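Just so you know, the sequences run in chain order B and F.
Residue numbering for the first sequence follows the UniProt record's numbering, starting at 1 and increasing by one per position.
Residue numbering for the second sequence follows the UniProt record's numbering, starting at 1 and increasing by one per position.
Built from N, CA and C at the ideal position, the CB exists for glycine as well.
As the structure is a computational prediction, the values presented were derived from the model and not from experiment.
In what follows, a structure is listed as structure tokens, so that the remarks can point back to it.
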Amino acid sequence: MEVMETSTNSPCLAALTCVLGDLSQADGSASFTHGNTSVLAATYGPCEVRMSKEILDQATVEVVCKPRVGLPNCADKYRERHIRDLFQATILVNLHPRSSVMIVLQERQDDGGLLATSINAACLALLDAGVSMKFLVAAVTALIDKDGNINLVPEEKPSDVEASASLTIVFNEKDLQVMGVTSSGKFSQEQYDRSVSLCRKATEHVFKFYRESMERKLSKSV
Amino acid sequence: MRDVPISNCEREFLLAIIAEKKRVDGRQPTDLRQVKIQFGSNFGSCEVSFGKTRVLATVSSEVAAPKQRRPNEGILFVNVELSPMGHPSFEQGRQTEESVELNRLMERCLKESRCVDLESLCIVVGEKVWTVRVDVTVVNQDGNMLDCASIAAIAALAHFKRPDVTVKGQEITIHTSDERDPIPLSIHHMPLCVTFAFFHQGKFLLIDPQEREERVTEGKMVIGMNKHREICMLQVTGQMLLHQDKVKQCTKMAFVKVVEMTELIQEALANDKTARSKGEKCGFAMSSEKEINTTVSPAKLVEDVSKTDLPMSSDSDSGSEQEMVEAGPQERPVGDSPKVVGKGVAIIGSAAVKKWEEEEERVKGDKKGKKKKEASVKEASVKGQQSRPQASAYF
């Protein structure tokens with residue numbers, strides 16, 4: 001709550017929408033939109049793995065990030081690695097030795113917080129495919145501006161203030177502990193702590209949203 | 001992942017029903033699937049779906065040096081990619097015969113028909129021109145990728161706007177969208193592809209084959225045409241011989257389809273333009289919301305959008321939960337009791353209301369060439385909802 005008081009205008013999470021099982025070929029798919037950032041995610045597997053990528057006692061998680069325009073660049077490769085490491089730890093890989101779980105992410109629109117949106121889309125696609133996971137994960141990006149105010153991205157109305165740092169924090173659903181942090185820019189320990197507590201509150205809503213969308217998908221429509 | 005081949009009995013079944021002029025999805029041989037066009041919030045991004053086939057097209061531009069042989073012309077670059085998302089057999093970063101063919105056909109359709117005025121893309125002769133890049137990504141492959149891709153590419157090109165440029169002596173200024181309104185490309189005509197699949201030694205043909213039908217086809221003919229009846233491209237693949245009358249017949253059919261699709265694109269563009277000028281929300285976020293909320297009246301929808309901010313303060317937690325519900329997919333009007341739709345209403349198993357008679361009537365209507373209905377994008381999406389109301393009930 002102290003987070004709320006320190007910032008002048010209360011930070012809010014932009015609208016979330018998702019469509020599950022949108023693609024017919026993929027085992028699981030989700031098109032996830034957070035504010036104006038939109039990512040399409042598809043998963044295949046657990047299925048046959050290429051010999052070179054085979055791991056004897058666990059499944060290989062492969063992640064492909066497709067940019068909106070042109071060929072994948074360094075940022076996309078970085079995103080790929082980050083998401084792969086995250087889901088290698090999240091999926092129960094030991095259940096499916098010598099197989100592959102593939103996650104393909106297509107950027108459709110980027111208005112900030114692409115990494116967080118990609119992670120959330122991938123998690124929903126895995127959920128749609130019914131891949132066994134230890135827990136669900138959700139990510140939220142926080143921006144710290146020069147005055148030390150913390151805002152969540154993507155915002156409904158992007159402010160003109162330039163941010164001095166951005167933090168993308170991933171939480172698990174089990175105990176809302178931090179799973180991973182990606183940061184850029186300079187920030188203090190105190191600002192970091194405040195961002196974590198703010199993002200934690202925001203991810204609770206994301207988890208609630210996951211549950212809600214899954215319930216809707218599985219509920220009978222009359 | 002390796003591709004799973006089609007079984008013999010499935011192949012025989014498909015060929016047998018095609019000989020009876022029937023199709024697995026209940027279409028007539030010359031019917032298209034439902035076509036839907038969506039635009040993103042950025043200029044030049046467009047998603048087109050043909051039934052379950054889905055293609056994403058994005059246009060971007062940058063300043064580069066022109067080709068030496070054509071110093072006063074801009075450059076159009078077309079790239080078609082089969083994303084591993086689209087089909088289990090598509091692999092990342094590998095050129096297959098299929099993708100090369102698709103790339104080549106799209107290039108022929110867009111570049112060699114000279115549909116984009118390249119001379120207007122020149123900034124300084126011999127030094128600087130605009131390079132317009134069209135990236136087409138197949139997101140879901142359920143047959144007939146080419147037709148879908150050609151619509152997506154042309155619609156994206158028509159939607160795209162490049163930054164304005166002024167040249168003063170040696171100085172070139174590229175204006176941001178705040179300084180000056182961006183300029184649309186000048187498109188001379190819209191070449192669109194129509195694919196015909198042939199079966200039983202060219203005796204039977206299908207328009208817009210789906211994935212299963214593509215697998216048992218003997219050969220395909222692609223006609224690229226614009227609404228002025230000009231053939232921009234014609235290609236025959238596969239092991240078959242075609243009689244010249246058949247080619248002429250196909251050209252006539254292609255013309256009808258091309259006119260239909262051009263109208264659809266123009267209507268979608270006009271819809272997007274009016275939405276933008278009114279300052280409504282546009283883009284994929286909005287269009288997917290519309291798709292989900294087809295059962296909600298538009299007035300309510302607008303309300304929903306404004307309400308979906310989630311205040312993070314603890315005192316409004318209960319309120320935000322309610323809003324979360326509204327932001328979720330498959331919105332249904334609350335408190336509305338199910339209505340009796342028609343005479344033949346029934347509920348099967350765990351699925352939703354089945355509108356037998358309505359469905360039949362719709363099919364009959366389609367037979368009579370009621371294709372005009374699909375011209376409106378809004379109506380088309382509503383119709384899509386009607387034809388797959390149960391999809392969400394299965395797991």
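DSSP beta-bridge partners of Ser177 of chain F: Per DSSP, none; premise fails for Ser177 of chain F.
Residue burial classification, Thr166 of chain F (beta-carbon count within 10 angstroms, cutoff 16): Answer is exposed; the Cβ neighbour count stays below 16.
Closest Cα partner of Phe77 of chain F within the set F:Glu213, F:Ser45, F:Gln95 and F:Val132: F:Val132
Limits of the beta strand (DSSP E) - the one that Arg172 of chain B falls within: First, the residue type needs correcting, since residue 172 of chain B is Asn and not Arg in the sequence shown. Taken as a continuous stretch (DSSP letters only), the beta strand (DSSP E) holding Asn172 of chain B covers Ala163 to Asn172.
Lys257 of chain F in three-state terms, based on DSSP: helix
Cutoff 8 Å: Ser99 of chain F Cβ touching any chain A Cβ: Annotation note: the requested chain A is absent from the structure, which comprises protein chains B and F.
Phe207 of chain B and Thr117 of chain B closer than 8 Å at C-beta: no
Where Ala16 of chain F falls, given that 16 or more other Cβ within 10 Å makes a residue buried: So Ala16 of chain F counts as exposed.
Enclosing alpha helix (DSSP H) for Met145 of chain F [first to last residue]: Met145 to His159
Interface residues of chain F facing Arg108 of chain B [CB-CB closer than 8 Å]: Gly40, Ser45, Glu47, Leu56 and Phe284
CA-to-CA distance, Ala158 of chain F to Val125 of chain F, given in whole angstroms: 25 Å
From F:Val59, F:Ile265 and F:Gln249, residue whose alpha carbon lies closest to that of Asn79 of chain F: Per the Cα distances, F:Val59.
Beta-bridge pairing of Asn140 of chain F - partner residues as DSSP gives them: F:Arg54
Members of the stretch 84-117 of chain F that neighbour chain B once the beta carbon cut-off is set at 7 Å: Pro84, Met85, Gly86, His87, Pro88 and Gln92
Spatial neighbours of Thr60 of chain B in its chain, beta-carbon cut-off 6 Å, leaving aside the 5 residues before and after: Val49, Lys53 and Ser100
Collapsed DSSP secondary structure at Arg81 of chain B in the structure displayed: Note: Arg81 of chain B maps to helix in three-state DSSP.
Local conformation of Val247 of chain F per DSSP, three classes: helix
From F:Val100, F:Asn103, F:Ile154 and F:Leu102, residue whose alpha carbon lies closest to that of Met225 of chain F: F:Ile154
DSSP beta-bridge partners of Lys128 of chain F: F:Val124
Per-residue DSSP class, three states only, for Ile17 of chain F: helix
Beta-carbon proximity list for Ile18 of chain F, same chain, < 6 Å, skipping 5 on both sides: Phe199 and Phe204
Cβ-based burial, Val129 of chain F [other Cβ within 10 Å; buried from 16]: The residue is buried, with at least 16 neighbouring Cβ atoms inside 10 Å.
Straight-line gap, Phe13 of chain F to Lys220 of chain F (C-alpha atoms, nearest Å): Those two C-alpha atoms are separated by around 20 Å.
Under 7 Å from the C-beta of Gln210 of chain F: neighbouring residues of chain B: Here the premise fails: no neighbours, minimum Cβ distance about 10 Å.
Short Cβ contact (8 Å threshold) for Ala14 of chain B with Ala30 of chain B: no
Whether Asp208 of chain F touches Asp142 of chain F by CB criterion (8 Å): Not a contact, by the Cβ cut-off of 8 Å.
For Asp309 of chain F, the three-state DSSP class (helix, strand or coil): The predicted model places Asp309 of chain F with a pLDDT of 38, which falls under 50 and marks its position as unreliable; any figure quoted below should be read in that light. Residue state, collapsed to three classes: coil.
From F:His243, F:Glu127, F:Glu211 and F:Met261, residue whose alpha carbon lies closest to that of Leu68 of chain F: Before going on, a small fix: residue 68 of chain F reads as Gln here, not Leu. The candidate whose alpha carbon is nearest that of Gln68 of chain F is F:Glu127.
CB contact below 8 Å: Ser60 of chain F versus chain B: Judged by the 8 Å Cβ criterion, Ser60 of chain F is in contact with chain B.
Other residues of its chain near Glu62 of chain B: CB distance less than 8 Å, five sequence neighbours each side excluded: Lys53, Arg84, Ser100, Val101, Met102 and Ile103
Cβ neighbour criterion (16 or more within 10 Å) applied to Gln177 of chain B: exposed
Touch test, the stretch 138-154 of chain B against the stretch 192-206 of chain B, Cβ-Cβ under 8 Å, three pairs minimum: yes
DSSP three-state assignment for Asn79 of chain F, whether helix, strand or coil: Reduced to three states, the DSSP call for Asn79 of chain F is strand.
Selection from F:Leu185, F:Cys9, F:Gln95 and F:Val258 that minimises the alpha carbon distance to Cys122 of chain F: F:Leu185
Interface flag, Glu2 of chain B vs chain F, CB-CB below 8 Å: Because the pLDDT of Glu2 of chain B is 26, which lies under 50, any placement of that residue in the model is unreliable, and the question is left without a value.
Local conformation of Asp208 of chain F per DSSP, three classes: Reduced to three states, the DSSP call for Asp208 of chain F is coil.
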